[in-house]
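Novice: One structure follows; several queries about it will come next.
See below:
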């Protein structure tokens, strides 16, 4: 095999992974025995309609929880899937969609009359081919210059981040990954409370700082906010920010100095999320300095 053939073969081997397709999933959730689209679910579908153009392998799968009989759950899950399919086709008749009902998902814990909201859903899965990027490799000079690598910035400790709050300019924000939340809930993990105490002490000593508490979530892109498993409402990032706000207020911090807002997954630090650590980084709280 000559040199040109070897180079061509290597190029093709590198290009094959780039042709792989990436699957995206959109989840819609339902009340008990309901299969009609809610206002929230219609809004969610409207955000992904453009993404479905040119998509391949669009599947719409309906599910139910363990409440009800197997027969009724199969019918219910199929009705959920078909309703979504009809709604998508009403917006774009050219879409190729396969819809099916999967029936009930087995209980993950002791069955209750409330069922499992996360299992009453429809999954919309679609794939789009990744764009192939052709890289032109230029011949290397005989004596390439020596380039010293730029050292990675050192991790900033929590204590240093708290101290830096007093130095931030108005409109600047700072992320506190130490304030971690239980997945799908607005409650802090037990180990996070001591960090919250430290922040409360800082703001008590700096009464001139006004700030905004911003809640963020992972995973649910296209949704204004995530489902809070405790309230059963789509207000997860808002509730996380409010929990911090309420705690600061309980520590005597004037509520006129602070406000809170939920930003959902509109401003991810990592996208797309591949690992659990990526999701951990996006499931966060940031403090925005308003005035000082």
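Numbering (our numbering), first residue to last: 4 to 295.
Using N, Cα and C, we set each Cβ at its ideal position, and we do this for glycine too.
(1) Based on Cα-Cα distance, which residue from 215, 203, 55 and 116 lies nearest to residue 71?
(2) Note down the Cα distance separating residue 148 from residue 215, rounded to an integer number of angstroms.
(3) Among 205, 197 and 241, which one has its Cα closest to the Cα of residue 188?
(4) Alpha carbon to alpha carbon, what distance is there between residue 182 and residue 211?
(5) Could you tell me whether the region 267 to 279 touches the region 196 to 206, where touching means 3 or more Cβ pairs closer than 8 angstroms?
(6) Can you list, in chain order, the residues of its chain whose CB lies under 7 angstroms from that of residue 157, leaving out five sequence neighbours each side?
(7) Compute the Euclidean distance between the alpha carbons of residue 104 and residue 85, then round it to the nearest angstrom.
(8) Name the two residues that bound the continuous beta strand (DSSP E) containing residue 263.
(9) Helix, strand or coil for residue 283, going by three-state DSSP, please let me know.
(10) Mind reading off the beta-carbon distance from residue 91 to residue 48? Whole number of angstroms is fine, and I expect it under 8 angstroms.
(11) Going by other Cβ atoms of all chains shown within 10 Å of its Cβ, with 16 needed for buried, is residue 209 buried or exposed?
(12) Say yes only if the C-beta of residue 255 is nearer than 7 angstroms to one or more non-hydrogen atoms of the ligand NAD, and no if none qualify.
(13) In three-state terms, what does DSSP make of residue 130?
(14) Could you please give me the residues that DSSP links to residue 30 through a beta bridge?
(15) Please list, in chain order, all residues of the same chain as residue 185 whose beta carbon is under 8 angstroms from its beta carbon, the five residues on each side excluded.
(16) In this structure, how does DSSP classify residue 207 when only helix, strand and coil are distinguished?
(17) Using a Cβ-Cβ cutoff of less than 6 angstroms, which residues in the same chain neighbour residue 60 once the five nearest sequence positions on both sides are dropped?
(18) Tell me whether residue 39 is buried or exposed, calling it buried when 16 or more other Cβ atoms sit within 10 Å of its Cβ.
(19) What residue range is occupied by the uninterrupted beta strand (DSSP E) comprising residue 105?
(20) By DSSP's criteria, residue 214 is part of a beta bridge. Which residues make up the other side?
(21) In whole angstroms, give me the CA-to-CA distance for residue 202 and residue 266.
Specialist: Reading it off the structure:
(1) Here residue 71 corresponds to residue number 68 of the chain shown, with the count starting at 1. Residue 116 is the option with its Cα nearest to residue 71.
(2) As a working note, residue 148 is residue 145 in the chain shown. As a working note, residue 215 is residue 212 in the chain shown. Any reading at residue 148 must be qualified, since the residue scores a pLDDT of 41, below 50, and its modelled position is unreliable; no value is offered.
(3) In the chain shown, residue 188 corresponds to position 185, counting from 1. Nearest of 205, 197 and 241 to residue 188, Cα basis: 241.
(4) The count along the chain shown starts at 1 and reaches residue 211 at position 208. The count along the chain shown starts at 1 and reaches residue 182 at position 179. One C-alpha to the other measures close to 23 angstroms.
(5) no
(6) The residue labelled residue 157 in the question sits at position 154 within the chain shown. Residue confidence is low: residue 157 scores 43 on pLDDT, short of 50, so the model does not pin down where it sits. Its coordinate-derived value is still stated next. So no residue of the chain qualifies.
(7) Locating residue 104 in the chain shown gives position 101, where the first residue counts as 1. Locating residue 85 in the chain shown gives position 82, where the first residue counts as 1. Looking at the two C-alpha atoms, the distance is approximately 8 angstroms.
(8) Position 260 of the chain shown holds residue 263. 261 to 265 is the extent of the beta strand (DSSP E) around residue 263.
(9) Mapped onto the chain shown, residue 283 falls at position 280. Correct three-state label for residue 283: helix.
(10) Taking the chain shown and counting its residues from 1, one reaches residue 91 at position 88. Taking the chain shown and counting its residues from 1, one reaches residue 48 at position 45. Contact flag correct, Cβ pair sits at about 7 angstroms.
(11) In the chain shown, counting from the first residue as 1, residue 209 sits at position 206. Classification of residue 209: exposed, given that the 10 Å Cβ count is below 16.
(12) The ligand NAD is absent from the structure shown, which contains no ligands of any kind.
(13) Counted from its first residue, the chain shown places residue 130 at position 127. Three-state DSSP puts residue 130 in a strand.
(14) Residue numbering aside, residue 30 sits at position 27 when the chain shown is read from its first letter. Partner(s): 126.
(15) On the chain shown, position 182 is the one that residue 185 refers to. Excluding positions up to five away in sequence, the list reads 191 and 192.
(16) As a working mapping, residue 207 is identified with position 204 in the chain shown. Reduced to three states, the DSSP call for residue 207 is helix.
(17) Along the chain shown, one-based indexing puts residue 60 at 57. 130.
(18) Within the chain shown, residue 39 is the residue found at index 36, counting from 1. Residue 39 should be labelled exposed.
(19) Within the chain shown, residue 105 is the residue found at index 102, counting from 1. Residue 105 -> beta strand (DSSP E) spans 100 to 107.
(20) Mapped onto the chain shown, residue 214 falls at position 211. Note: residue 214 sits in a beta bridge opposite 261 and 292.
(21) For the purposes of this step, residue 202 is taken as the residue at position 199 of the chain shown. For the purposes of this step, residue 266 is taken as the residue at position 263 of the chain shown. So the alpha carbons of these two residues sit roughly 21 angstroms apart.
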